[in-house]
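In the numbering used here, the protein residues as written are 9 to 76.
Beta carbons are placed, not taken as given, at the ideal position from N, Cα and C, and that holds for glycine.
The structure under discussion appears below in the form of structure tokens.
The structure is reproduced here in structure tokens:
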């Protein structure tokens, strides 16, 4: 659930109005899965991905660029 990762990033960075969205993502993102009949437990929340960036990286940089 990439939306979970992005919402956690926004919450961590102090973006306004993200607490309610975070609550929805944390409880399964039913808005993403209800149309095809899946329940919220179908959601897998993650904070790292195949792009090689950890959540710390995601909140430390503004652009998708790795100059390390």
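Query	Result
Here's the rule I'm using: 16 or more other beta-carbon atoms within 10 Å means buried, otherwise exposed. How should residue 68 be labelled?	exposed
So, under 8 Å CB-CB, residue 37 and residue 11 are touching, yes? Tell me the CB distance rounded to an integer number of Å.	6 Å
Quick one: residues in its chain with C-beta nearer than 8 Å to the C-beta of residue 41, no 5 flanking neighbours on either side, listed in chain order?	47, 48, 50 and 51
Less than 8 Å separating the beta-carbons of residue 62 and residue 33?	no
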